[in-house]
Every structure is written in C-alpha cells, then in structure tokens.
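Novice: Take 3 as the starting number for the sequence shown in this note's numbering and just add one per residue.
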Amino acid sequence: MPPGPVFVELPIDVLYPFHVVQKELGGSKTPRGLRGKLVQCSSLQSLGVPCYLGGAARGLLPPECPLLLRQNRRQALRDADLVLLAGTVCDFRLSYGRLFGRGAAVVAVNRDRAQLLRNSDVFWKPRLAVQGDPGSFMVALAQSLQGFSCPREWLERLREAERDKEQQNQAKAAVPPPCHLNPLALLQALDQVLPPQSLLVADGGDFVATAAYIVRPRRPTGLAGPRVPAGDTGDIRGRPQVWVLYGDGSLGFSLMEFDTFVRHKVPVIALVGNDAGWTQISREQLPLLGSAVGCRLAFSDYHAVAAALGGRGFVLDAGGDTGDTGGDTGDTGDTGGDTGDTGGDTGGDTGGDPGDIGDRVVAVLRAAQAECHRGHPVLVNALLGPSDFREGSVSV
C-alpha cells in the first residue's frame with residue numbers, strides 16, 4: 003500500500019471532447035491538414051481531408067493517394083478556413099504562423115506543450131490547442147466523424163494547382179545551369195530509380211528541402227529522421243535499399259560513418275548534393291547582409307573518402323567523369339584499392355543535351371544500386387550548379 007494519497011493523471015487526449023473539433027471540421031468548406039510524425043495513415047484517408055506531410059511523416063500516405071499534396075502549401079494555408087496541425091510546429095517552416103489566412107480556425111495537436119504553442123500569440127493563435135498524441139487524436143477524430151465528406155471542389159482546386167506546379171518544376175528541371183548538374187533533374191532521376199521498398203534518410207538544408215518537392219517516399223515509414231548514427235545500423239541492415247540524401251554541409255558531420263558501414267557490412271547509398279556551400283543559409287544571408295561569409299565550401303572529393311574507407315564512390319557531373327572509385331573491398335581492413343581519378347571536372351560545362359545528361363545520371367544511380375546490392379556502401383558525389391528553385395525561403 004502507498005503511504006498516502008496517490009495522484010493519478012489521465013492524458014488529456016483521452017479526456018478531450020472531440021465533438022468540439024468535429025463541429026469545426028464538419029462546418030468547414032476548405033479544411034486542410036498539416037501532419038507531423040506519428041499520425042495514423044488510415045485515419046487520414048478516412049477523414050478525406052487534403053493534407054501535406056512534413057518531416058518524418060513523409061511517406062505516411064502512398065504517393066498515389068489523392069489526398070496527398072506537396073506543392074503550393076503556402077497558398078493552400080491562406081485559402082483554408084480550417085487548418086489542423088497534427089504534430090506540426092509553427093517554426094520557420096510555417097513562417098512562424100504567418101501563413102494562415104485571416105479568420106482561419108487553427109487546431110493544433112502535439113505531445114509537447116512548448117512545441118504545441120510555439121510562436122503563438124505572436125503571429126498566430128490556435129482556436130484549439132490539444133496536448134496529446136497526434137496519432138491517437140486523429141484516430142478518435144476519424145471515428146467521431148464517420149460519414150464526413152470534404153467538399154470535392156476544394157480538393158479538386160488544390161489538385162489542379164498541384165498539377166500546374168509539377169509542370170513548372172518539370173520545365174525548371176530541363177534548364178541546364180551554367181555549370182554542373184541541375185539539382186531538380188538529379189532528384190527527378192532519383193525518384194525514377196527508387197524501388198518500392200526503399201528507405202530514405204534525409205540530412206541537409208537546401209538540397210533536402212528541394213528533394214521534398216520532387217522525391218516521393220514509397221511507403222509509410224519510408225522516410226527516417228536526419229543522419230545515420232552508428233546505433234541505427236542494425237535497423238537499416240535488413241532494409242531492401244537505403245538512400246541517404248546529404249547536403250555537402252551536413253555530410254561533414256557524418257562522412258566518417260562510412261567506416262562504420264564498411265566494418266558492419268551495412269550497404270547504404272549516400273547521394274550528396276554538392277553545391278560547394280551552405281546554400282540554405284547563403285540564399286538569404288547574401289541579400290540580407292551582403293556577405294556569404296561562413297557559407298562557402300569546396301567541390302570536395304567526398305566519394306574518394308568513402309572509397310578510402312572501403313566503400314564505393316562515384317562522382318557525378320554534367321560534363322565530367324562519372325566513373326566509380328574503389329576496388330574490391332575484400333575484408334574490412336582493405337581501404338578500397340586504387341581510387342583512380344577522384345575529382346572529375348569541377349569547372350564543369352553543361353555537358354550537352356539535357357536528355358543525354360539525364361540518361362547518364364540514371365545510369366550512375368543504377369550502378370550505385372548494383373554496388374549496394376553486392377553489399378557495398380556507396381557514396382555518389384553529385385556536383386550541382388546554382389538554382390533559384392527555393393529563392394525566398396528564409397532559414398536564418
């Protein structure tokens with residue numbers, strides 16, 4: 003027996019009256035949802051509300067799901083009369099809450115109270131804030147709203163805007179930069195070769211943020227969190243194919259993990275978007291402050307480092323050598339043999355017809371997949387030219 007009275011705390015997501023949200027959603031003409039982590043896939047489809055997935059929630063809905071949207075999120079938020087933030091935080095990714103339309107009802111659900119109310123009463127104010135598990139909340143909400151139907155014209159309007167934006171992205175991907183590769187074209191090639199059971203790990207700034215608009219995770223839990231620390235190698239070893247998307251800045255924190263991958267025989271493919279800079283920062287630092295100090299890097303031979311550690315390395319450029327580096331690793335003591343020409347042409351012309359470049363990119367990515375299938379960790383060092391795709395995005 004306890005020595006005295008016992009305090010029993012019931013979680014608020016159990017106590018919460020869902021009929022309040024049911025009333026808001028049931029009367030909404032243009033509802034839309036933003037999903038963070040740990041939201042049930044079946045509940046999203048049951049509600050029938052158009053939604054955008056962010057962070058590790060990407061992949062929660064299959065790529066062909068008609069409710070899933072990726073483009074024009076800013077405009078959709080301004081037009082929606084009800085926004086449901088399921089685990090999503092109002093930080094820089096939502097312009098600190100300044101994107102919501104005037105008069106829009108915002109319902110926020112988060113386990114963490116600080117994240118739940120981040121930047122509230124500054125740029126936004128929730129109509130309802132629920133501290134609880136977003137997944138449990140969405141399941142209960144879907145059960146209480148059986149028979150609810152989102153207005154079809156609202157979803158079709160968003161789908162039409164989605165198609166228009168996809169066409170614009172296709173046109174931008176076809177424009178060769180003054181040097182090296184077009185990052186949109188590279189990511190489209192990656193989306194083309196990804197197998198259905200692949201796992202994506204994303205760790206980067208501008209390159210990874212660009213990938214969010216192009217690359218489609220193939221299944222629920224098909225996107226992991228940032229980086230691949232040594233402790234996660236056991237989890238990814240049994241996966242059919244693991245791709246790690248790195249920016250060249252973020253790679254500096256994790257490149258030596260290739261030693262771990264080789265020693266533990268963990269076959270991953272790292273695709274490095276190497277634009278020789280901290281571009282997510284410099285994109286706005288330069289026009290705001292007039293200086294790119296601290297943002298410049300070099301077109302370094304990261305693929306040669308992977309090969310020296312016993313993995314495989316490819317350098318990928320529009321006009322340079324796309325050969326691989328590294329020989330037969332044998333046992334884990336072998337560093338990979340002769341790395342050959344590791345640098346390619348970092349001056350880089352555009353290398354000819356965009357269609358020919360695209361075919362070469364796909365060929366190198368498939369060669370990397372073949373090496374991964376043989377059990378080798380692989381790094382593809384893709385040299386990127388400048389792009390205005392994310393111009394105006396602020397992360398400083």
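C-beta: ideal position from N, C-alpha, C; glycine also.
Decide if Cys374 is buried, meaning its Cβ has at least 16 other Cβ atoms within 10 Å, or exposed.
Specialist: buried
Novice: Between which two residues does the alpha helix (DSSP H) holding Gln243 run?
Specialist: Unbroken run through Gln243 is the beta strand (DSSP E), Gln243 to Gly249; no alpha helix (DSSP H).
Novice: Measuring CB to CB, does Leu69 end up less than 8 Å from Pro52?
Specialist: It is a contact, given that the beta carbons lie within the stated cut-off.
Novice: So, under 8 Å CB-CB, Leu202 and Trp245 are touching, yes? Tell me the CB distance rounded to an integer number of Å.
Specialist: 5 Å
Novice: Using DSSP bridges, identify the partner residues of Leu71.
Specialist: Tyr54
Novice: For Gly292, which of helix, strand or coil comes out of DSSP?
Specialist: coil
Novice: May I ask you to report which of helix, strand or coil DSSP gives Gly236?
Specialist: Its pLDDT being 45, under 50, Gly236 is placed unreliably in this model, and the value from its coordinates should be taken loosely. Three-state result, Gly236: helix.
Novice: Going by DSSP in three states, Val111 sits in which element: helix, strand or coil?
Specialist: Strand.
Novice: Please report the residue range of the beta strand (DSSP E) in which Asn184 lies.
Specialist: Taken as a continuous stretch (DSSP letters only), Asn184 belongs to no beta strand (DSSP E), as it is neither H nor E.
Novice: Relative to the alpha-carbon of Ala310, which residue among Val380, Ala187, Ser122 and Ala214 has its alpha-carbon at the smallest distance?
Specialist: Val380
Novice: Apart from the five residues on each side of it in sequence, which residues of its chain come closer than 7 Å, Cβ to Cβ, to Val366?
Specialist: Phe316, Leu318, Thr324 and Val382
Novice: Taking the alpha carbon of Val364 as the point to measure from, which residue in Asp123, Val195, Gln169 and Leu143 has its own alpha carbon closest?
Specialist: Val195
Novice: Confirm, please, whether the CB-CB distance from Gly206 to Phe263 is below 8 Å.
Specialist: no
Novice: Leaving out the 5 sequence neighbours to the left and right, which residues in its chain are closer than 7 Å to Arg392 when beta-carbon positions are compared?
Specialist: Asp208, Ala211, Thr212 and Arg285
Novice: Nearest to Asn276 by alpha carbon, out of Gly387, Gln73 and Leu84?
Specialist: Gly387
Novice: Kindly identify the DSSP beta-bridge partner or partners of Gln172.
Specialist: None; Gln172 has no bridge partner.
Novice: For Gly275, does the three-state DSSP call read helix, strand or coil?
Specialist: strand
Novice: Hey, could you find the ends of the beta strand (DSSP E) Gly315 is sitting in?
Specialist: Arg314 to Leu318
Novice: Thinking Val85 and Ala106 are a contact (beta carbons under 8 Å), I'd like their distance in whole angstroms, please.
Specialist: 6 Å
Novice: I'd like the list of long-range same chain contacts for Met258, defined as Cβ closer than 8 Å, with 5 residues on each side in sequence excluded.
Specialist: Leu311
Novice: Which residues in the same chain have their Cβ closer than 6 Å to the Cβ of Ser252, if we skip the five residues on either side of it in sequence?
Specialist: Asp205 and Gly206
Novice: Quick one: Cα of Ser293 to Cα of Asp250, how far?
Specialist: 20 Å
Novice: Since Pro198 contacts Arg165 with CB under 8 Å, what's their CB separation in whole angstroms?
Specialist: Between Arg165 and Pro198 the Cβ distance is about 24 Å, and since that is not below 8 Å, they are no contact.
Novice: Can you tell me where the alpha helix (DSSP H) holding Ala306 begins and where it ends?
Specialist: Where Ala306 is concerned, the enclosing alpha helix (DSSP H) stretches over Tyr304 to Ala310.
Novice: My assumption, with CB atoms under 8 Å, is that Asn112 sits in contact with Tyr98. Please give the rounded CB distance.
Specialist: Between Tyr98 and Asn112 the Cβ distance is about 16 Å, and since that is not below 8 Å, they are no contact.
Novice: Over what stretch of residues does the beta strand (DSSP E) that includes Ala211 continue unbroken?
Specialist: Counting along the chain, Ala211 falls outside any beta strand (DSSP E), though it belongs to the alpha helix (DSSP H) covering Asp208 to Ile216.
Novice: In three-state terms, what does DSSP make of Leu189?
Specialist: helix
Novice: Within 10 angstroms of the Cβ of His305, are there 16 or more other Cβ atoms? Answer buried if so, exposed if not.
Specialist: Buried: at least 16 other Cβ atoms inside 10 Å.
Novice: Under a three-way DSSP split, which group does Asp123 fall into?
Specialist: coil
Novice: Note the first and the last residue of the continuous alpha helix (DSSP H) segment covering Gln145.
Specialist: For Gln145, the enclosing alpha helix (DSSP H) has its first and last residue at Pro136 to Ser146.
Novice: Rounded to the nearest angstrom, what separates Leu160 and Val307 at their Cα positions?
Specialist: So the alpha carbons of these two residues sit roughly 45 Å apart.
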